[in-house]
Amino acid sequence: MIWIFILIIMAILLLSFRYLGKIAWSRMAPLAMFMCLGLAGYSVSGNSNMPSSAAQKIGDDGKTAALLIEMRAKMDRKFAVSKQYLIISDSLARGGDYHLAAAYIQGGIKKYPNQPDLWSALGLQIMLASGGRMSAPAQDAFDRAEQLWPQSPSPQYFMGLAALMDGKPEETMKFWGKALKNGPKNSDWYQPLFLQYGAIQQMTTQPR
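Take the sequence shown: its position 63, counting from 1, is numbered 63 in the UniProt record's numbering, and each next residue is one higher.
Here's what the structure looks like:
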């Protein structure tokens, strides 16, 4: 029941900013993303200790970056050959050194080019380095991850986040809906994503 209450509260907050404050979708995007991430943080740790500044880029705050890394880790297939690189790369990223984290992952990719977890991690590190935007190199990395593992939720999740940052919640729903459709409901990442999807659905189904 607590999840229903949280979802309702978050939807009310988002809609009040959007319609009472007359805020454009482009300006709502960062706020919506941080609220979604805050809800995911609550589902993971039991609290919503997330940054309150909607204007802050996701790569600028260690807590937000750590949450995204945690979400991606829950979506990994967890092969041993990938994990040895992911542990160090994720540690570097949590410290804010996204470029070095990406470089380390690239070393793993050179040795194990067919590991989707490594490609997803590379895509996320590049995203974090560019403030949450989906650059061409990040897109290429996620595309490669999806080619290697078509059911991988990571590409859909992070492409959805990037779409939300660009003020395109409808595209976010398409990406996240696909991830939910392909993912097992008992996985660690399913419930947080389901709640985030529900919040965006509340936004997009309201009259503008």
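Glycine is no exception: its CB is placed at the ideal position from the N, C-alpha and C atoms. Remember, predicted model here, so these are calculated numbers, not experimental data.
Can you look up residue i in the DSSP assignment and give me helix, strand or coil?
i, result
"residue 169", "helix"
"residue 181", "helix"
"residue 149", "coil"
"residue 204", "helix"
"residue 189", "coil"
"residue 198", "helix"
"residue 144", "helix"
"residue 160", "helix"
Pull up the distance between the alpha-carbon of residue i and that of residue j, whole angstroms please.
i, j, result
"residue 193", "residue 81", "27 Å"
"residue 125", "residue 95", "12 Å"
"residue 100", "residue 140", "19 Å"
"residue 45", "residue 196", "Annotation note: pLDDT 49 at residue 45 (below 50); position unreliable, no value reported."
"residue 89", "residue 176", "25 Å"
"residue 157", "residue 104", "23 Å"
"residue 144", "residue 205", "33 Å"
"residue 79", "residue 136", "26 Å"
Mark residue i as exposed unless 16 or more other C-beta atoms lie within 10 angstroms of its C-beta, in which case mark it buried.
i, result
"residue 116", "buried"
"residue 154", "buried"
"residue 185", "exposed"
"residue 70", "buried"
*Per the contact definition of three or more C-beta pairs closer than 8 Å, is the segment 103-111 in contact with the segment 166-181?*
no
_Taking 8 Å as the cut-off, does the segment 164-172 touch the segment 146-155 (at least 3 CB pairs, one atom from each stretch)?_
no
_Segments of 4+ residues assigned as alpha helix (DSSP H) that fall wholly inside the segment 65-128_ = 80-94, 98-111
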